[in-house]
Each structure stands twice: as structure tokens, then as C-alpha cells.
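Engineer: If you read the sequence shown in this note's numbering, its first letter stands for residue 224, the second for the next number, and so on.
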Amino acid sequence: MPSKTTKELAFIHELFVATDWGERFAELLDKHVKLPKHGRVLYVGSNTGGHALALMQRGSAQLTFLCVDENKESLELARAKAKAAGNSNNEFRADTVDSLSLQDDEFALVIADGSLVHSERIPEMLAELVRVAAPGATVALALPSYSSFGEFFSIYWEALHNRGLIDHESDVEALISVLPAISALEEIAAAAGLEEIASSTTIEEFDYESADKFLQEPLIADFLLPIWLENLPEAEREEVVAEIRRLINEESRDVGFALTMKATVVTGTKLRQ
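1) Given Val264, which residues of its chain have a CB within under 8 Å of its CB, disregarding the five upstream and five downstream residues?
2) Sorted by chain position, which residues of the same chain lie with C-beta nearer than 8 Å to Asn472's C-beta, five sequence neighbours on each side aside?
3) Compare the C-alpha of Ala350 against each of Ala397, Leu364 and Gly359 and name the closest.
4) For Arg354, I'd like the list of residues in its chain whose CB is within less than 6 Å of its CB, leaving aside the five on either flank, ordered along the chain.
5) Going along the chain, which unbroken runs of the alpha helix (DSSP H) with 4 or more residues stay wholly within the segment 307–356?
6) Looking at the structure shown, is Tyr379 part of a helix, part of a strand, or coil, going by DSSP?
7) Quick check on this structure: which residue in Gly268, Gly273, Thr361 and Ala249 has the alpha carbon closest to the alpha carbon of Ala303?
8) Could you tell me which residues DSSP puts in a beta bridge with Met484?
9) Restricting to Cα atoms, I'd like to know which of Val463, Pro367, Glu293 and Trp380 is closest to Phe248.
10) If we count the other Cβ atoms within 10 Å of its Cβ and call it buried at 16 or more, is Lys306 buried or exposed?
11) What does the alpha-carbon distance come out to for the pair Glu396 and Gly373?
12) So if DSSP puts Gly272 in a beta bridge, which residue, or which two residues, is it bridged to?
13) Going along the chain, which residues of its own chain have a beta-carbon closer than 7 Å to the beta-carbon of Glu381, five neighbours each way excluded?
14) Consult DSSP for Ala404 and reduce its assignment to one of helix, strand or coil.
15) Can you tell me whether Ala412 sits near the ligand MN, meaning its C-beta is under 6 Å from at least one heavy atom of the ligand?
16) Measure the alpha-carbon distance for Thr361 versus Arg476 and round it to whole angstroms.
17) Within the same chain, show all residues whose beta-carbon is closer than 6 Å to that of Leu494, passing over the 5 residues directly before and after it, in chain order.
18) With DSSP as the reference, label Ser283 as helix, strand or coil.
19) Beta strand (DSSP E) containing Val267: first to last residue?
20) Given Ile389, which residues of its chain have a CB within under 8 Å of its CB, disregarding the five upstream and five downstream residues?
21) Given that a residue counts as buried once 16 or more other Cβ atoms are within 10 Å of its Cβ, and exposed if not, what is Ile378?
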């Protein structure tokens, strides 16, 4: 399973991921975040810019955006789309989402899409979002929360067991437990300096006709599977994926495979100093 370049990942995200997965998180954010009338907005994890550009079009002329992503190629696509749409006053910058090179207390609104960020990084990411928000500003983070992807994790564990990779069964337990519970997210947000904390979750389902369709889906193959299999030795991955494919086909009985995800948004207001 050769890895893709950052340029390839940017185009794959634009064509296949943003149009379904990304839109579900964008809709969740839109329901729970109100744009300020003026000031600077920070969008962390803006990817190829689809949702950020929609917000730019919706916002007032007194509102400017800084869009941050770790993939420079994604930012290039976002920058080109913004230019074509006439949004020349907004900035796109490469940065590390859980270690932002930004000053404290800068932004009137901070929005973040953490849906494809490794769950281990979420606590630091949330703390950074709060740090750079201005006192009184809203901070919003969207991401999958605890008990997401249970169908896959169950099959993954069984595949490891069947292949005799007992030492790696704990990797599945770690993947399950590292997904943040809503209560934990709210505690992190409070400790970082947010008040009026609220959360909302929707159950999202992704349906696939077969195991091959699931494993070949760009969202799975290029974004989620590399995270799920990262602790598995490369020499074992092909055989484990083959066993996952066999198990899905066996258990689905040719009626398809569904993956469920709990899409969650956590919002709060930064304490006024």
C-alpha cells in the first residue's frame, strides 16, 4: 500500500473527501457557529478550503480569514479557489495544528476541522485553539468522537486474531480508547479557558457495496486506514487487509458494509480576562 504524496492527497481530498465526509462536518459547524460581524477568523484544518470559502462568502466585508493547514498543496488549491472567487483579502498559511505559530488572543472566532487529525493530537490542538482566540471569542472544534468506527474496529481485531498477531490486538483497543469522549473534550476545553461549553453530535453512516468498495474508497484508503494501521508492521499489512476484506465479505453476506461515525462539535467562549 504505497503512500501518496501531499499533492496527490490534496487532490484526492478535494475530489472525493470534501464532497461527502467534509460536508457533514461543515454542516455541523454551520449549525452551531455564528460568524462575528468584524475581526479576524482563524480556520484550522481548512484543507482545500471548501467550507472556509463558503464562510468567506457569507461573512461581512469587515471579516478576514486566516486558513491554516498542514498540507501546503491543499493550501495552494484553496488559495487558487479563493482568488477565482475574488477573496483576495484572506490568508492561507501552513502550520502545525497542535502547535500553532500564532500569538495569544488574536482571533474573534476560531473554527477547526479535526476530522482527519490523529486523535492523540486533539487535546493539544484544542488547547491551541483556545490560546489564540481573543477573550470573549467563540472556539469551535468538529471531529469524530468516542464509539465511532466500531464496525471496522471489531473486524480489525478479528483479523489480527486470525492472523496470529495477538500482540497487536491492543492496538485496536488503543484506537478505540483514543477517540475522545465528549465529556473529556469538554473538560479539556474548560481547563484551556473556555466557558459556556456545549457539544452536539450526529450519527453519520457511510455505506459501501462491498469490502473492495470500502477498502478502495479514498477516505478509507488514503486518510483513515493509514492511521488505523500505523502500528502494524508494514510486512503484515497486506495480509491483514486481505483478512479484513474476507471478513467483511463473509459478515456482510453481499448486502454491503456500513461504517458509522459520531460527528461531534464542541463550542465555547474564551474567558474574558
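Where a beta carbon is used, it is the ideal one built from N, C-alpha and C, also for glycine.
Structural biologist: So, from the data block:
1) Here residue 264 is taken as the residue at index 41 of the sequence shown, counted from 1. Correct list, in chain order: Leu258, Leu278, Gly282, Leu286, Thr287, Phe288, Leu289, Phe330, Ala331, Leu332, Val333 and Ile334.
2) Along the sequence shown, read from residue 1 onward, the residue named residue 472 stands at position 249. The answer, listed in chain order, is Ser433 and Ala434.
3) Locating residue 350 in the sequence shown gives position 127, where the first residue counts as 1. Residue Leu364 is the option with its Cα nearest to Ala350.
4) Looking up residue 354 in the sequence shown gives position 131. If the five residues before and after Arg354 are omitted, its C-beta is found closer than 6 Å to the C-beta atoms of Asp327, all from its own chain and listed in chain order.
5) 345–355
6) Counting from 1 along the sequence shown, the entry for residue 379 is found at position 156. Looking at Tyr379 - three-state DSSP - the assignment turns out to be helix.
7) Looking up residue 303 in the sequence shown gives position 80. Measuring from the Cα of Ala303, the nearest candidate turns out to be Gly273.
8) For the purposes of this step, residue 484 is taken as the residue at position 261 of the sequence shown. Met484 is bridged to Glu427.
9) Translated into positions along the sequence shown, residue 248 becomes position 25. Here the closest residue by C-alpha is Pro367.
10) Here residue 306 refers to the residue found at position 83 when the sequence shown is read from its first residue. Classification of Lys306: exposed, given that the 10 Å Cβ count is below 16.
11) Here residue 396 refers to the residue found at position 173 of the sequence shown. Here residue 373 refers to the residue found at position 150 of the sequence shown. Between the alpha carbons of Glu396 and Gly373 lies a distance of about 11 Å.
12) The residue you call residue 272 lines up with position 49 of the sequence shown. None, per the DSSP bridge assignment.
13) The residue given as residue 381 occupies position 158 in the sequence shown. For Glu381, same chain residues with a beta-carbon under 7 Å away, outside a window of 5 residues either side, are Leu470 in chain order.
14) As a first step, residue 404 is located in the sequence shown; it is residue number 181 there, counting from the start. Of the three classes helix, strand and coil, the one that applies to Ala404 here is coil, per DSSP.
15) No copy of the ligand MN occurs in the structure displayed, which carries no ligand at all.
16) Start at 1 with the first residue of the sequence shown, and residue 361 comes out as number 138. Start at 1 with the first residue of the sequence shown, and residue 476 comes out as number 253. Approximately 47 Å between the Cα atoms of the pair.
17) Walking along the sequence shown from the start, residue 494 turns up at place 271. Hits under 6 Å: Gly416 and Glu418.
18) As a position in the sequence shown, residue 283 is number 60, starting the count at 1. Ser283 falls in the coil class under three-state DSSP.
19) Translated into the one-based positions of the sequence shown, residue 267 becomes position 44. For Val267, the enclosing beta strand (DSSP E) starts and ends at Gly262 to Val267.
20) Start at 1 with the first residue of the sequence shown, and residue 389 comes out as number 166. Hits under 8 Å: Leu383.
21) Translated into positions along the sequence shown, residue 378 becomes position 155. So Ile378 ends up on the buried side.
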